[in-house]
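Residue numbers (this note's numbering): 284 to 1162. Let me begin by presenting the structure, written as structure tokens, before commenting on it.
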């Protein structure tokens, strides 16, 4: 459309309204002045009196012009609505007359709109929507820095107390840590997720309560603090009874004083919150980094100022107490970033892939409509001959496509709802803010907008082509010229589709190769074992000997079950949490780098399938009455004693085993070396590990996990283990599962992203092949007369095949080159998700183009062969 001409016509129309009003007013003035002149009034006076009848002539003229414009606008809107109604009715009739094309269009757009709407729903509710707390932009998580400037996600109580007391920029701050522990309500015992807090926790978050109130920091410090429960726990476990309600958490009995409103739980999945008494202690206590910290800034404070202030406080701590190894600075990050985590990386990638597929679908349909539009040239010519302008034709053609897109949008919205529920069911446990994800009216508006955009995208090029063609010339029946390959209608769209397919296939293959690398990694332990998490109650097992006695009895009785090969126990097992400790080596007065600290029992390594490389493992005789011993892994041996035998060397763990008042911890003799294992997950590398006997440090026997290796089916063994544990102590519940389940959970997000991109890549490849095939099939049909003439004049079939096939491969090669160039720039955003694979992986950037060109060649071969088999006589006689 010529927009300059449109504005010129609009200005001319406004001028015509003013001219008509001026002519009408002048006629009234002229008639009245003539009457007055006939009555004897002088001409100049008669005209003034005639104009005076209007009052303020200029204002009257303005009011009349405005009124005329409004009437004209109302009439035009009514005409436009009537034309749109006609266009919609005609669009529906055309859809009924071409059901195959209409259903295909609706199916493609419904799938694309549904995927886009569902993915945007997840992205919006997870990444874009603000946290539900009051003024969430003022809530930050606090992390410390070590001597190398590396952020450490956990902090110590002692450092935090100094921040809290000395800061002038924090309105409130708090610590928290989450764990699973037994909870007894009445006679029911179960394991629940408990978050232990210190400080003004609920003030930082401004957490609304469904019932009752939250405990305060002052009450907790005075020993009078109660507990707060989630709304789901209150309803499902406590029966929604009136508060206060007494419950036993571990070994402490608390009165529930409040219920957190649903949707405001932090951390996610917490059942119970309870306060902890605290006090600041210096020295090595500052290195007990067991908590995460949050804070709310004062209203007028800029985060940079708060960061600088806390950095200064942290550095003062280190200057005054050099033993504080995590007091080199403080970093503030929005709490939302902490909650979202790496979803901020992978969700935009998924959304971009979905949009890419949607645009490819639109491009495919646009190419198809562009080709089909040539069959409607005579219809458009007749309409133009009857007076329809180009704008009218353009609007009618766009409405036809938008109507189908709106129908597809309604179906797509329902599809999106199903997709969102499926995503939550599959990945809800690892997807942040999953309980906040839902289709709402705002998302419905997004679906409506996407539908309209898709309708315009699929119809704009065909509509422009038809509306701008010399339609009247088509009435003569002239066939026009035959177009070559570069002028094929929709060639550009197909090239764009091929480029997008290259991009998606490249991303999917990179992630697939990374996923394959992870699956091929040796974890260092067997995942086909049972893990039973247990936390003992200090009330039921107050003495160290009682705790050790429970685990001795449990492991002994579990070994007696049929089909059990080995049973071990440890406080921190692989694929879970763990603790680190600085390690002192005898003969070196300064702490060396740290190592993982694990308290384990006999048979632990055999139960996990970890090989013993040197010396001996932890045995049952290693108890409080014998000398302290430890087993290390190969990584620790290589780190501390490279090219030496570590057996008989002595170490100690000052952070984990400091005595009362931070007295020197005991020396531990290394008696064995075991193989490396990936404690922190399949994506991490093995790190140094120190294994001590839990019977020699019974303080760690409070919370442990039993590992059970079995020869019989896992489900059958789990049921037997659960029954035996209830027989031993029905008041001590346990969480049972397999390490394979934990591994699967840790890979669920990566598996989802890899699957999505791979599926979208295959879908994009299919769309590109379909688009290329459709384009060439239409071109062959349109060029049938030219091909017949060529054959009649002696052209060889191979020449025609090369002509059609060459045009197709030129499009495909151009699209592949463009896709590779785009992929080179875009795949670097995947680098954080790649494992042992480079963004420009030679295998990927070689295989993908070759594979796509092969598919393109197959898609082009059928139309090319069809062109060569045209019967010249039948075509020319028909013409």
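Glycine included, each C-beta is placed from N, C-alpha and C at the ideal position. The structure presented is a predicted model; accordingly, all values stated were derived computationally and were not measured.
In three-state DSSP terms, what is residue 607? Along the chain shown, one-based indexing puts residue 607 at 324. Note: residue 607 maps to coil in three-state DSSP.
Exposure of residue 647, with buried meaning 16 or more beta-carbon neighbours within 10 Å: Stepping through the chain shown from its first residue, residue 647 is reached at position 364. Buried.
Can you say whether residue 573 is buried or exposed, counting buried as having 16 or more other CB atoms within 10 angstroms of its CB? Working through the chain shown from its first residue, we reach residue 573 at position 290. When all chains shown are included, residue 573 counts as exposed.
Please report how far the alpha carbon of residue 1114 lies from the alpha carbon of residue 1122, in whole angstroms. Counted from its first residue, the chain shown places residue 1114 at position 831. Counted from its first residue, the chain shown places residue 1122 at position 839. If you take the alpha carbons of residue 1114 and residue 1122, they lie about 6 Å apart.
Does the separation of the CB atoms of residue 456 and residue 578 fall below 8 Å? By one-based count along the chain shown, residue 456 stands at place 173. By one-based count along the chain shown, residue 578 stands at place 295. For residue 456 and residue 578, yes; Cβs fall inside 8 Å.
Reduced DSSP secondary structure (H/G/I, E/B, other) of residue 625: Counted from its first residue, the chain shown places residue 625 at position 342. Looking at residue 625 - three-state DSSP - the assignment turns out to be coil, as it is neither helix nor strand.
According to DSSP, is residue 1038 part of a helix, a strand, or is it coil? Locating residue 1038 in the chain shown gives position 755, where the first residue counts as 1. Helix at residue 1038.
Once the 5 residues before and after residue 293 are set aside, which same chain residues still bring their CB inside 7 Å of it? For the purposes of this step, residue 293 is identified with residue 10 of the chain shown, where counting begins at 1. In this prediction, residue 293 has a pLDDT of 47, which is less than 50 and means its spatial position is unreliable; what the coordinates show is noted afterwards. Closer than 7 Å at the Cβ level, and outside the excluded window around residue 293, lies no residue.
Which residues in the same chain have their Cβ closer than 8 Å to the Cβ of residue 601, if we skip the five residues on either side of it in sequence? Residue mapping note: residue 601 aligns to position 318 of the chain shown, counting from 1. The residues are 607, 610, 611.
Which of helix, strand or coil DSSP assigns to residue 1112: Counting from one through the chain shown, the residue named residue 1112 turns up at place 829. If DSSP states are grouped into helix, strand and coil, residue 1112 belongs with the helices.
Using a Cβ-Cβ cut-off of 7 Å (strictly less than) and excluding sequence neighbours within five positions of residue 896, which residues of its own chain qualify? In the chain shown, counting from the first residue as 1, residue 896 sits at position 613. Excluding sequence neighbours, residue 896 sits near 917, 956, 957, 958.
Taking a contact to mean a Cβ-Cβ separation below 8 Å, would you say residue 818 touches residue 986 in this structure? Your numbering for residue 818 matches position 535 in the chain shown. Your numbering for residue 986 matches position 703 in the chain shown. Yes, the Cβ-Cβ distance between residue 818 and residue 986 is below 8 Å.
So for residue 547, helix, strand or coil by DSSP? By one-based count along the chain shown, residue 547 stands at place 264. Residue 547: coil per DSSP, three-state reduction.
Taking residue 526 as the reference, give the member of 1032, 535, 514 with the closest Cα. Translated into positions along the chain shown, residue 526 becomes position 243. Nearest C-alpha to residue 526: 514.
For the region 444-493, list the beta strand (DSSP E) runs that are entirely contained and at least 3 residues long, ordered along the chain. 453-468, 471-482
contact_flag[the region 422-436, the region 459-475] where n(CB pairs < 8 Å) is 3 or more: no
Straight-line gap, residue 446 to residue 593 (C-alpha atoms, nearest Å): For this step, residue 446 is matched to residue 163 along the chain shown. For this step, residue 593 is matched to residue 310 along the chain shown. So the alpha carbons of these two residues sit roughly 7 Å apart.
Residue 494 versus residue 962 - alpha carbon distance: On the chain shown, residue 494 is found 211 positions in, with the first residue counted as 1. On the chain shown, residue 962 is found 679 positions in, with the first residue counted as 1. Those two C-alpha atoms are separated by around 41 Å.
Inspect the CB distances between the region 776-787 and the region 1079-1095 and report whether three or more fall short of 8 Å. yes
From the DSSP output, in three-state form, read off residue 517 for me. Along the chain shown, one-based indexing puts residue 517 at 234. Looking at residue 517 - three-state DSSP - the assignment turns out to be helix.
Along the chain, where does the alpha helix (DSSP H) containing residue 500 start, and where does it finish? Locating residue 500 in the chain shown gives position 217, counting from the first residue. Note, residue 500: alpha helix (DSSP H), 500-504.
Specify whether the region 681-691 and the region 728-745 touch according to this definition: at least 3 beta carbon pairs, one from each stretch, less than 8 Å apart. Yes, the region 681-691 is in contact with the region 728-745.
Spatial neighbours of residue 939 in its chain, beta-carbon cut-off 6 Å, leaving aside the 5 residues before and after: Along the chain shown, read from residue 1 onward, the residue named residue 939 stands at position 656. These residues qualify, in order along the chain: 864, 880.
Once you ignore the five residues that flank residue 1102 on each side, which residues in its own chain have a CB closer than 6 Å to its CB? Working through the chain shown from its first residue, we reach residue 1102 at position 819. Closer than 6 Å at the Cβ level, and outside the excluded window around residue 1102, lie 782, 785, 786.
With a threshold of 16 other CB atoms inside 10 Å of the CB of residue 812, please say whether the residue is buried or exposed. Within the chain shown, the letter at position 529 stands for residue 812. Residue 812 comes out buried.
3 or more residues per run - each beta strand (DSSP E) lying fully within the region 552-625: 555-558, 572-580, 613-617
Helix, strand or coil for residue 879 per DSSP? Position 596 of the chain shown, counted from the start, is the residue given in the question as residue 879. In the structure shown, residue 879 sits in a strand (DSSP, three-state: E or B).
Proximal residues to residue 1050 (C-beta, below 7 Å), its chain only, five neighbours per side dropped: Taking the chain shown and counting its residues from 1, one reaches residue 1050 at position 767. Excluding positions up to five away in sequence, the list reads 643, 644, 647, 780.
Among 970, 391, 316, the one whose alpha carbon lies nearest that of residue 922: Here residue 922 refers to the residue found at position 639 of the chain shown. That would be 970, whose Cα lies nearest to the Cα of residue 922.
In the structure shown, what three-state DSSP assignment does residue 763 receive? Stepping through the chain shown from its first residue, residue 763 is reached at position 480. Low local confidence applies: a pLDDT of 40 at residue 763 is under 50, so the model's placement there is unreliable, with the coordinate-based value given in what follows. Correct three-state label for residue 763: coil.
Note down, one range per segment and in chain order, each beta strand (DSSP E) of at least 3 residues found wholly within the region 809-867. 813-818, 847-853
Pick helix, strand or coil for residue 897, following the three-state DSSP scheme. Your numbering for residue 897 matches position 614 in the chain shown. Residue state, collapsed to three classes: strand.
Classify residue 653 as buried or exposed, calling it buried when 16 or more other Cβ atoms lie within 10 Å of its own Cβ. By one-based count along the chain shown, residue 653 stands at place 370. It counts as buried.
Quick one, which of 518, 928, 508 has its alpha-carbon nearest residue 537's? The sequence position of residue 537 within the chain shown is 254, counting from 1. Among 518, 928, 508, the Cα nearest to that of residue 537 is on 508.
In whole angstroms, what separates the C-alpha of residue 459 from that of residue 549? Taking the first residue of the chain shown as 1, we reach residue 459 at position 176. Taking the first residue of the chain shown as 1, we reach residue 549 at position 266. Those two C-alpha atoms are separated by around 10 Å.
From the DSSP output, in three-state form, read off residue 712 for me. Along the chain shown, one-based indexing puts residue 712 at 429. In the structure shown, residue 712 sits in coil (DSSP, three-state: anything other than H, G, I, E or B).
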